[in-house]
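Let me begin by presenting the structure, written as structure tokens, before commenting on it.
There are 2 protein chains.
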Amino acid sequence: MQRAAMPKFVLYHAWNSSASRKVRLMMAEKGLDYEGHVLDLLRFQHHTPWYKKLNPSGIVPCLVVDGHNLVESNLIDEYLDEAFPDPPLMPDDPTQRHEVRRWSKYIDDVCLPAVQKPNWMKMMRPMCEKWSDEELATRMAAIPSKERRDLWTRMARNPFTPAEIDAALDILENMCAQVERYLEQSGGPWIHGERITLSDLHAAPYVVRFEEERPGRLLPRTEEWWARLIARPAWKTAQIGTFMADNERCIAEAMAEPD
Amino acid sequence: MQRAAMPKFVLYHAWNSSASRKVRLMMAEKGLDYEGHVLDLLRFQHHTPWYKKLNPSGIVPCLVVDGHNLVESNLIDEYLDEAFPDPPLMPDDPTQRHEVRRWSKYIDDVCLPAVQKPNWMKMMRPMCEKWSDEELATRMAAIPSKERRDLWTRMARNPFTPAEIDAALDILENMCAQVERYLEQSGGPWIHGERITLSDLHAAPYVVRFEEERPGRLLPRTEEWWARLIARPAWKTAQIGTFMADNERCIAEAMAEPD
Chain A
236 MQRAAMPKFV LYHAWNSSAS RKVRLMMAEK GLDYEGHVLD LLRFQHHTPW
286 YKKLNPSGIV PCLVVDGHNL VESNLIDEYL DEAFPDPPLM PDDPTQRHEV
336 RRWSKYIDDV CLPAVQKPNW MKMMRPMCEK WSDEELATRM AAIPSKERRD
386 LWTRMARNPF TPAEIDAALD ILENMCAQVE RYLEQSGGPW IHGERITLSD
436 LHAAPYVVRF EEERPGRLLP RTEEWWARLI ARPAWKTAQI GTFMADNERC
486 IAEAMAEPD
Chain B
236 MQRAAMPKFV LYHAWNSSAS RKVRLMMAEK GLDYEGHVLD LLRFQHHTPW
286 YKKLNPSGIV PCLVVDGHNL VESNLIDEYL DEAFPDPPLM PDDPTQRHEV
336 RRWSKYIDDV CLPAVQKPNW MKMMRPMCEK WSDEELATRM AAIPSKERRD
386 LWTRMARNPF TPAEIDAALD ILENMCAQVE RYLEQSGGPW IHGERITLSD
436 LHAAPYVVRF EEERPGRLLP RTEEWWARLI ARPAWKTAQI GTFMADNERC
486 IAEAMAEPD
């Protein structure tokens with residue numbers, strides 16, 4: 236399944252988006268270069284018609300490979316592992332490969348909605364609390380999914396309470412506790428043992444945010460695992476900073492939109 | 236990645252569950268036998284502590300392979316294709332493999348919540364509209380996910396309106412229209428061309444339900460594709476009947492619960 240010639244990669248992403256960070260980490264581990272286009276989510280570049288042609292869901296990232304638009308960070312990373320198998324970032328055993336997919340789906344289904352709560356309060360709330368009802372309605376009409384419309388409406392009118400933010404961080408803490416159990420069971424140094432896999436990469440952006448919000452709470456094996464992960468060259472290549480600094484980068488570096 | 240010896244398969248499923256049907260179809264296409272255990276969802280066997288040990292999400296199906304509990308129908312089917320590659324039910328091309336996963340995720344994220352609306356009105360509503368507030372509260376306490384608790388609460392107290400059921404069936408009709416576009420683009424006979432893949436199998440249980448609710452509405456290429464699909468030996472082996480007949484089968488054949 237290896238491709239004959241190296242295709243051209245164009246990545247549409249945001250520096251502080253957890254899903255974008257998963258794909259940047261994967262490309263860095265694979266040693267793949269890309270032409271990057273940064274979207275300013277505060278300017279709603281991801282809800283514009285030209286971007287929704289690339290990704291009808293109106294979310295980042297989207298990886299364009301020789302004209303094919305690949306979406307969904309977990310599935311982009313699986314594609315990259317299949318198309319560029321060296322070095323492998325999936326286990327060999329089919330049962331363990333299933334576990335990588337189950338863990339990645341859990342992160343997407345459970346941890347992503349959780350991390351959005353503190354993220355959106357920091358990033359979106361200061362802007363959209365100022366919107367008039369009319370401006371809110373116009374913004375909502377451009378958003379493809381009900382979940383996303385609900386989230387924006389909450390930010391504008393009925394922001395998350397401290398108890399809701401706390402419950403969201405508990406979910407991330409529980410995810411970190413599961414990393415500890417994996418490491419106990421596998422013996423490390425990575426979640427599934429000797430080989431670093433998508434399970435490690437897909438947890439990483441959520442550990443970053445957990446550490447920012449509740450610093451110093453990682454369990455012993457997870458702390459060692461974390462030190463190993465951020466010491467890898469790929470971590471530097473993927474350019475994962477603090478959430479608000481990466482937000483500023485997006486505002487400063489956002490792409491010029493097509494005509 | 237082929238296993239050396241054939242493992243023992245134990246499948247926990249419900250005859251009329253779309254996710255269970257996806258896995259039964261896959262096992263039939265692969266020629267794999269299993270020991271089947273039917274759960275009676277109306278008796279909440281999937282919310283019992285012993286079942287939640289197998290699948291903490293408390294949903295069917297769960298495939299136990301030599302003591303490994305595999306969950307999530309899309310991911311079970313990917314496991315089966317990797318562990319038992321002959322005949323292959325994924326495309327060879329990495330870009331097309333990504334598209335199978337994207338389509339399967341869309342079916343899970345969008346079409347499953349849609350099909351639940353008519354399903355639950357037929358199957359659950361007649362029972363739970365009779366519950367007292369106390370019985371409702373007891374039932375809810377055993378359900379692991381908020382989405383599922385919300386669904387049961389709606390069935391008991393605030394059932395879906397005809398307009399909501401109609402909107403749900405529109406989603407399934409849109410899915411069928413996408414099958415037509417795939418067949419146009421690939422030239423058929425299957426969604427991605429010459430080889431039948433998980434994309435065909437994962438759409439099938441939703442086409443069954445759409446045909447039951449809005450008969451005779453499939454577009455021309457989809458109608459031919461459908462005739463080809465249900466003529467396959469695997470269709471018979473997977474035992475996919477009408478929704479309410481399969482519900483009766485579950486009630487009649489439900490497994491004895493462990494002590």
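So the protein sequences, as listed, match chains A and B. The numbering of the first sequence is the numbering used here, which starts it at 236 and goes up by one. The numbering of the second sequence is the numbering used here, which starts it at 236 and goes up by one. Cβ coordinates follow ideal geometry from the N, Cα and C atoms, glycine included.
For this session: Give the straight-line distance between the Cα atoms of residue 236 of chain B and residue 329 of chain A, rounded to the nearest whole angstrom.
Result: For residue 236 of chain B, the predicted structure reports a pLDDT of 48, less than 50, and the residue's modelled location is therefore unreliable. The matter cannot be settled from this model.
For this session: Could you name the residues of the stretch 288-320 of chain B whose beta carbon sits closer than 8 Å to any beta carbon of chain A, in the order they occur along the chain?
Result: 300, 303, 305, 306, 307, 310, 311, 313, 314, 317 and 318
Problem set entry | Which residues DSSP lists as bridging residue 244 of chain A, in chain order | A:300
For this session: Look up residue 305 of chain A in the DSSP assignment and say whether it is helix, strand or coil.
Result: strand
Problem set entry | Within-9 Å CB hit, residue 437 of chain A to chain B | no
Exercise. In angstroms, rounded to a whole number, what distance separates the CA positions of residue 368 of chain B and residue 389 of chain B?
Worked result: Put simply, the backbone Cα of residue 368 of chain B is about 13 Å away from that of residue 389 of chain B.
Problem set entry | Status (buried if at least 16 other CB within 10 Å, exposed otherwise) for residue 348 of chain A | Exposed, because fewer than 16 other Cβ atoms sit within 10 Å of the Cβ of residue 348 of chain A.
Problem set entry | Length of the line joining the Cα atoms of residue 307 of chain A and residue 358 of chain B | 34 Å
Exercise. Which stretch, first to last residue, makes up the beta strand (DSSP E) that contains residue 270 of chain B?
Worked result: 270-273
Problem set entry | Nearest to residue 484 of chain B (by Cα), restricted to the options B:257, B:260 and B:276 | B:276
Exercise. Are residue 488 of chain B and residue 455 of chain B close, meaning C-beta to C-beta below 9 Å?
Worked result: no
Exercise. What number of angstroms, rounded off, separates the C-alpha of residue 417 of chain A from the C-alpha of residue 326 of chain A?
Worked result: Near 14 Å, if we compare the C-alpha coordinates of residue 326 of chain A and residue 417 of chain A.
For this session: Find out if the Cβ-Cβ distance for the pair residue 262 of chain A, residue 473 of chain A is shorter than 9 Å.
Result: yes
Problem set entry | Contacts that residue 427 of chain A makes with chain C (C-beta to C-beta distance below 9 Å) | Of the chains in the structure shown, none is chain C; the protein chains are A and B.
Exercise. Considering residue 294 of chain B, what are the terminal residues of the alpha helix (DSSP H) in which it resides?
Worked result: No alpha helix (DSSP H) holds residue 294 of chain B; DSSP gives it neither H nor E.
For this session: Take the Cβ of residue 493 of chain A as the centre, count every other Cβ of all protein chains shown within 10 Å, and call the residue buried at 16 or more, exposed below.
Result: Around the beta carbon of residue 493 of chain A, fewer than 16 other beta carbons sit within 10 angstroms, so the residue counts as exposed.
Problem set entry | chain A contacts made by the stretch 332-360 of chain B, where a contact means CB separation under 7 Å | Residues of the stretch 332-360 of chain B with a C-beta less than 7 Å from any C-beta of chain A: 332, 333, 336, 337 and 340, listed in chain order.
Exercise. At which residues does the alpha helix (DSSP H) containing residue 333 of chain B begin and terminate?
Worked result: 329-341
Problem set entry | Minimum C-alpha distance to residue 338 of chain A - residue among A:475, A:479 and A:410 | A:410
Problem set entry | CB contact flag (residue 297 of chain A, residue 247 of chain A, <9 Å) | Their beta carbons are under 9 Å apart, which means residue 297 of chain A touches residue 247 of chain A by this criterion.
Problem set entry | Check whether residue 255 of chain B and residue 300 of chain B have beta carbons under 9 Å apart | no
Exercise. Whose C-beta lies closer than 7 Å to the C-beta of residue 238 of chain B among residues of the same chain, with five residues either side of it excluded?
Worked result: Residue placement at residue 238 of chain B cannot be trusted, given a pLDDT of 49 that sits under 50; what the coordinates show is reported in the next sentence. So the list reads 318, once near-sequence residues are dropped.
For this session: Kindly indicate which residue of A:381, A:344, A:407 and A:283 has the alpha-carbon position closest to the one of residue 447 of chain A.
Result: A:407
For this session: May I have the straight-line CA-CA distance separating residue 433 of chain A from residue 466 of chain A, to the nearest angstrom?
Result: 17 Å
Exercise. Where residue 442 of chain A and residue 445 of chain B are concerned, what is the direct C-alpha to C-alpha distance, given to the nearest angstrom?
Worked result: 42 Å
Exercise. Okay, do the stretch 264-273 of chain A and the stretch 286-294 of chain A touch, 3+ Cβ pairs below 8 Å being the bar?
Worked result: no
Problem set entry | chain B contact for residue 396 of chain A (CB, 9 Å cutoff) | no
Exercise. Can the beta-carbon of residue 391 of chain B be found less than 9 Å from the beta-carbon of residue 363 of chain B?
Worked result: yes
For this session: For my contact list, residue 482 of chain B and residue 251 of chain B are in at a C-beta cut-off of 8 Å; report their separation, rounded to the angstrom.
Result: 5 Å
Exercise. Which value, in whole angstroms, describes the spacing of the CA atoms of residue 282 of chain B and residue 378 of chain B?
Worked result: A direct Cα-Cα distance of roughly 6 Å separates residue 282 of chain B from residue 378 of chain B.
For this session: Would you list the one or two residues that DSSP bridges to residue 425 of chain A?
Result: A:428
Exercise. Among the residues of its own chain, which have a CB less than 6 Å from the CB of residue 437 of chain B, if the five just before and after it don't count?
Worked result: 257, 339 and 342
Problem set entry | Contact set between residue 330 of chain B and chain A, taken where Cβ atoms lie within less than 9 Å | 300, 301, 303, 305, 314 and 318, listed in chain order.
For this session: Below 7 Å CB to CB, which residues in the same chain sit around residue 435 of chain B once its five sequence neighbours on both sides are set aside?
Result: 425, 426 and 464
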